[in-house]
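Chains as they are written, first to last, in our numbering: chain A, 715 to 1037; chain B, 57 to 720. The C-beta atom is built at its ideal place from N, Cα and C for all residues, glycine as well. All of these numbers come straight from a predicted model, not from anything done at the bench.
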């Protein structure tokens, strides 16, 4: 069972399985969260499979482009999708040691998210309508506050686990040699805030809003239809899934299976499914209880996250005289 | 290898002189200069690739007893890369342009080459000042006279302050006379070392754009013609960094105290934040780019400081990582910034303005230039897989492993510095997106802009070459690290061999790796797959009026709609201005909306200023004017008094010489 070829083969098969999980799980999880949200609001809500139907419908429909749309409008959605999908491939789901494991560096994943954000900003500015610009200007503000928090969380993780490789971090935290730490708790709180910002969920943004002036990410996509919109929506689903998977891999790496032992995969899949379901449910329940903040209040929230992430680093220094 | 470089140096001066006498040959001579620079680039690459032995050269003229000393080692060869690359690209882009200061460009490059090759303080100073003066004259020679003179005066003042500080640094650190070999044998200690560091941070830092003397860059760099701006930002700032590295890493000895790198680290991180923040509020493309230069120089300086600290703490592998990151960023920034300034030149030429609030929609008229600008901007914004990301990745990796350094204060410093750099990174991304968005996307904001045209074929080839270089070196950053290896061995006693390859950069300090090529292939494969599927099953695409959430169609007399309803350069960063601009730049927005029925336009305006300019540069300028007034007294003296002054000056100088003789 230990020959390198076999391990590489298993890594590849696990990667294929990971892709399947992404393809099915990402839309389904969003559909589930929408359904649950509707139930909490006293509506029957769309069935969880509605998301798949929406995607196929968008795929079949014709694309309506503005007269002055350049090829940026057609290519940027693909870049948004490709960057989000690449990031999704780098974040382990049910197994560690996928073929993409050595590449799953946290800073690189953040870079890929930035790339996807940049492409969607370019797409939004292409036609020159004012909602696109509005969305982009808000993205700038949020990114300025979210990015440093994320980096400090990585700083903490690197101090704890000695690397920014996600596989390595998850493996160390899974085996539990590091124990429970206050710093990790603070980092978790900070990272959840960043995740909410990046996913555009409440209280920072409201993904189901229909009022354009309150939009964050959605304002950037108003000009798109048909296949371009399908790619953008698919990318948003992947990012939603990836952020939750990232939280699960770092802060709840229980039951995650080594890719080299296929017999543990079912358990890994099961526990991963449970974790994602739990996270999505928690997110929806949390959202049901909060109202959307004014955009200029968001920096305060992210400022708190920044303090938390700074504290996480400080506690590590103080607690063990890190050398 | 130093002789061919000397020949290129002489040829550059010769070309400059020839052009000033026979201006009709300008076009031919510029092409020749570009070729000379390309040759220099090839020589530097060969020198680094085959790890040739360092060579020195003593020329028997120059100051008595000293002569002119030149030397070519790994460090100087590496810094010849940005100089020659930026020079070749700039001159190729300017080959047909009419520039009144044309003959000065080869002299400017020659000055940079001389500063990098110099092996004694006098030669270094001569090269540095040739570079300063030539670029100052180029700033003066271009554009609207009053603006040029204002920029030129600010630049000259900063250059003079820098020059005096540089002279002072050399005098304090190493005394008078002796070449670098002699200086290396007697590195300064204690107060002398601290003085050297402080004066050097002013002398070289002001030229590089290191805080607090960075405020002049976004005013002076844009005032020159685009190719010269490209060289000033892409190459001249790097020469200033070279001087910093040469003194701090090499000449000041290998055993400085632990805190030696801290000022550089702190100032660099502050520069990264302040430069990137300012880039979000400037409205002239070139000023945005010059502000982004401050940011990038800050990243490099922070990495250099970290490397110095790590070397002093006897962690050679961390020191090598940080220095390697700095050198990679030097080259990456130089390529991307040269590209972006040249693109700005093309935009200025085609659309008649560099103001973003008059541009827009150039993607339709200049598709190739736009694509290349996207690549350059992505590299400056540190997006994967461009070269900018590779170096920033390395900087962050070295920064987050740096708490192993020991001392608690230093440990505490690292997360704060990481925080500043991360803020700078996010701001750089928004600045670059704003730049390309307002310039190339959307609708033209002025009729003149709608009449823009694509740049000529040869120039677009150059743009494509530079853009591909940004991408290729980003995919395989190991190539540059390999060129940097001789320098790393020479300066920190360890190199990065084994830590980079075709597929990845790996840190031995933390075991993380950046797999640029595989991830880029993955990304490209997904992108290509999506495109192929779209090709196989083409969608029905219909064109119509922009949806714009149902707003009414523009009237007939507005062919591009009411372009003032579109988000512009100022409005794109309005939320950032409100939260970040207010504390940093005293950013203030004013809107005037007339009452219903009132006839009058609605107005929207933003004012801000850089406090550095007001509180630091302005007093320097006032001191300059005061001194100039006093100095004018000399011109009104009678002949008797003038002669008296000369005798007095001679006596004072002789006394200084006598004192120096005595002390030695």
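I want to verify the contact list: residues of chain A whose CB lies under 9 angstroms from the CB of residue 555 of chain B, in sequence order.
None at all; the shortest Cβ gap to chain A is about 14 angstroms.
Spatial neighbours of residue 1037 of chain A within its chain, please: CB distance less than 8 angstroms, with the 5 preceding and 5 following residues excluded, ordered by chain position.
Because residue 1037 of chain A carries a pLDDT of 46, less than 50, the predicted location of this residue cannot be relied on, and the following value inherits that uncertainty. Once the five neighbours on either side are set aside, residue 1037 of chain A has no close Cβ partner at all.
Are the beta-carbon atoms of residue 110 of chain B and residue 147 of chain B separated by less than 8 angstroms?
The Cβ-Cβ distance between residue 110 of chain B and residue 147 of chain B does not fall below 8 angstroms.
Restricting to Cα atoms, I'd like to know which of A/740, A/801, A/912, A/813 is closest to residue 727 of chain A.
When A/740, A/801, A/912, A/813 are compared, the shortest CA-CA separation from residue 727 of chain A is found for A/813.
Mapping DSSP to helix, strand and coil, what is residue 515 of chain B?
helix
Roughly how many angstroms separate the alpha carbons of residue 855 of chain A and residue 72 of chain B, rounded to a whole number?
48 angstroms
Just by C-beta distance, which residues in the segment 463-478 of chain B are closer than 9 angstroms to chain A?
464, 467, 468, 470, 471, 472, 474, 475, 476, 477, 478
What number of angstroms, rounded off, separates the C-alpha of residue 387 of chain B from the C-alpha of residue 446 of chain B?
A straight line joining the alpha-carbon of residue 387 of chain B with that of residue 446 of chain B spans about 12 angstroms.
Any residues in the segment 909-936 of chain A with a beta carbon nearer than 7 angstroms to a beta carbon of chain B? Which ones, in chain order?
926, 936
Could you check if residue 704 of chain B is buried or exposed, using at least 16 other CB atoms within 10 Å of its CB as the buried criterion?
exposed
Under 8 angstroms, with one C-beta from each stretch per pair, do the segment 432-442 of chain B and the segment 841-861 of chain A reach the 3-pair mark?
Taking 8 angstroms as the limit for Cβ pairs, the verdict is that the segment 841-861 of chain A does not touch the segment 432-442 of chain B.
Nearest CA to the CA of residue 175 of chain B: which residue from B/150, B/205, B/129?
B/129
Within 8 angstroms of any Cβ in chain B, is that where the Cβ of residue 821 of chain A sits?
yes
Specify whether the segment 657-670 of chain B and the segment 188-198 of chain B touch according to this definition: at least 3 beta carbon pairs, one from each stretch, less than 8 angstroms apart.
no
Does residue 570 of chain B come within less than 8 angstroms of chain A when only Cβ atoms are used?
yes
Taking the straight line between their C-alpha atoms, what separation do you get for residue 142 of chain B and residue 444 of chain B?
Their Cα atoms are separated by approximately 17 angstroms.
Three or more beta-carbon pairs under 8 angstroms between the segment 518-535 of chain B and the segment 118-137 of chain B, yes or no?
no
Is there contact here, the segment 456-468 of chain B with the segment 391-406 of chain B, by at least three beta-carbon pairs under 8 angstroms?
Using a C-beta cut-off of 8 angstroms, the segment 456-468 of chain B makes no contact with the segment 391-406 of chain B, since fewer than three inter-stretch Cβ pairs fall below that distance.
Looking at chain B, is there any beta carbon in it that lies within less than 8 angstroms of the beta carbon of residue 816 of chain A?
yes
List, in order along the chain, the chain B residues whose C-beta lies closer than 7 angstroms to that of residue 1001 of chain A?
Those within 7 angstroms of residue 1001 of chain A in chain B number zero; the least Cβ separation is about 23 angstroms.
Taking only runs of the alpha helix (DSSP H) that begin and end inside the segment 523-584 of chain B, which ones reach a length of at least 4 residues, in chain order?
534-548
Residues of chain B with CB under 9 angstroms from residue 776 of chain A, in chain order?
595, 596, 597, 598
Do residue 284 of chain B and residue 191 of chain B have their CB atoms nearer than 8 angstroms?
yes
Could you please give the first and the last residue of the uninterrupted alpha helix (DSSP H) stretch that includes residue 718 of chain B?
695-719
Residue 815 of chain A to residue 502 of chain B, Cα distance in whole Å?
51 angstroms
Going by beta carbon distance, what residues of the same chain come within less than 7 angstroms of residue 70 of chain B, once the five residues before and after it are set aside?
none
Does the contact criterion of 3 or more C-beta pairs under 8 angstroms hold for the segment 273-288 of chain B versus the segment 230-249 of chain B?
Contact fails: fewer than three Cβ-Cβ distances are below 8 angstroms.
Just reading off the beta strand (DSSP E) that residue 876 of chain A is part of, what are its end residues?
It is not in any beta strand (DSSP E) - residue 876 of chain A carries neither H nor E in the DSSP assignment.
When DSSP labels each residue in this structure, what does residue 647 of chain B get in the three-state scheme?
DSSP places residue 647 of chain B in strand when its eight states are reduced to three.
Between residue 765 of chain A and chain B, is any beta-carbon pair separated by less than 8 angstroms?
Using a Cβ-Cβ cut-off of 8 angstroms, residue 765 of chain A does not count as an interface residue toward chain B, since no Cβ of chain B sits closer than that to its own.
In this structure, how does DSSP classify residue 655 of chain B when only helix, strand and coil are distinguished?
coil
Within its chain, find whatever has a CB closer than 7 angstroms to the CB of residue 1005 of chain A; leave out the 5 residues flanking it on each side and keep chain order.
Closer than 7 angstroms at Cβ, skipping near neighbours: 917.
Let's see if you can read the secondary structure: which residues bound the beta strand (DSSP E) around residue 599 of chain B?
597-600
Just grab the DSSP bridge partners of residue 124 of chain B for me.
B/115
Less than 8 angstroms between CB atoms is the rule here; does residue 868 of chain A satisfy it with respect to chain B?
It does; some Cβ of chain B falls within 8 angstroms.
Grouping DSSP H, G and I as helix and E and B as strand, with all else coil, what is residue 411 of chain B?
Looking at residue 411 of chain B - three-state DSSP - the assignment turns out to be strand.
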